[in-house]
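Chemist: One structure follows; several queries about it will come next.
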Amino acid sequence: MSSELRTRTTLHNLAGRSPVRRLIIDYLASNGASKVAEISSGIYASRDSVRYHLAALERAAIVRSDISPGTREGCTPFYALAPEAH
1 MSSELRTRTT LHNLAGRSPV RRLIIDYLAS NGASKVAEIS SGIYASRDSV
51 RYHLAALERA AIVRSDISPG TREGCTPFYA LAPEAH
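1 is the number of the first residue of the sequence shown in our numbering; add one for each residue after it.
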């Protein structure tokens, strides 16, 4: 098993049973840092759903944003897999 596949499998396990979270992880692994709109379009999920699951992944330290949660008003954050999650 390649290290990339092992990493994705580990991240999927951390994400739990949510298929949307697994799709987000796969999208970010393939496309790098992305905005909610890009992720939403890429995995065919609503923006609200993507935001909800990104927040859960961020709390679990699987995903990181370039803008901290308390300062996002009026800004468009980019999300990426957290370096420590790789």
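C-beta atoms are modelled at their ideal positions from N, C-alpha and C, and glycine is treated no differently.
Computed from a predicted structure; not experimentally measured.
Taking A29 as part of the alpha helix (DSSP H), name the residues at either end of that continuous run.
Modeler: Note, A29: alpha helix (DSSP H), P19 to N31.
Chemist: Between Y52, P83, D66 and E84, which lies nearest to T76 when the distance is taken from Cα to Cα?
Modeler: The residue with the shortest Cα to Cα distance from T76 is D66.
Chemist: Using CA coordinates, which residue listed in A29, I24 and S30 is at the minimum distance from S40?
Modeler: When only C-alpha atoms are compared, the closest one is I24.
Chemist: Would you decide whether S34 is buried or exposed? Buried here means 16 or more other CB atoms lie within 10 Å of its CB.
Modeler: By the 10 Å Cβ count, S34 comes out buried.
Chemist: Would you check if the distance between the CB atom of V20 and the CB atom of A45 is smaller than 9 Å?
Modeler: In this structure, A45 lies closer than 9 Å to V20 by Cβ.
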